[in-house]
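Student:
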Amino acid sequence: MAGLADCLSFLRLMIARGDPKGIPLATGAIDDCLAMAPVAARRRGLRVLQQDAIALHVTSVGVQRSFAETVDAYIERKLADE
């Protein structure tokens, strides 16, 4: 998926910050990554993003954990749409 590494880095940064105001930026990054990806690579790319968000969720606490849960839920909805 095009831009996957950049999206992963950005989502990690946003989760580390844990600022709820950053959720639209995180979901926008996921949407941008999907828009650039070939249809055949989207599910696989979303799974990679989701696995990273889950890993961060497990090791996070407080607002970071909540942010990671929100990112995971958003990715899950995107997977359902694919």
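The sequence shown begins at 1301 in my numbering and counts up by one. For every residue, glycine included, the Cβ atom is placed at its ideal position computed from N, Cα and C. Note that the structure is a prediction, hence the values are computed from the model and not measured.
(1) Please return the same chain residues whose Cβ sits closer than 6 Å to the Cβ of residue 1310, not counting the five positions on each side in sequence.
(2) What does a CB cutoff of less than 6 Å around residue 1374 pick up in its chain, not counting 5 residues either side in sequence?
(3) By how many angstroms is the C-alpha of residue 1354 removed from the C-alpha of residue 1312?
(4) Please tell me whether residue 1300 and residue 1363 are closer than 8 Å, where the distance is taken between their beta carbons.
Tutor: For this structure:
(1) For the purposes of this step, residue 1310 is identified with residue 10 of the sequence shown, where counting begins at 1. Here the set comprises 1329.
(2) As a working mapping, residue 1374 is identified with position 74 in the sequence shown. 1327, listed in sequence order.
(3) Position 12 of the sequence shown, counted from the first residue, corresponds to residue 1312. Position 54 of the sequence shown, counted from the first residue, corresponds to residue 1354. Approximately 11 Å, taken between the alpha carbons.
(4) Nothing can be reported for residue 1300: it is not among the residues displayed for the chain, which extend from 1301 to 1382.
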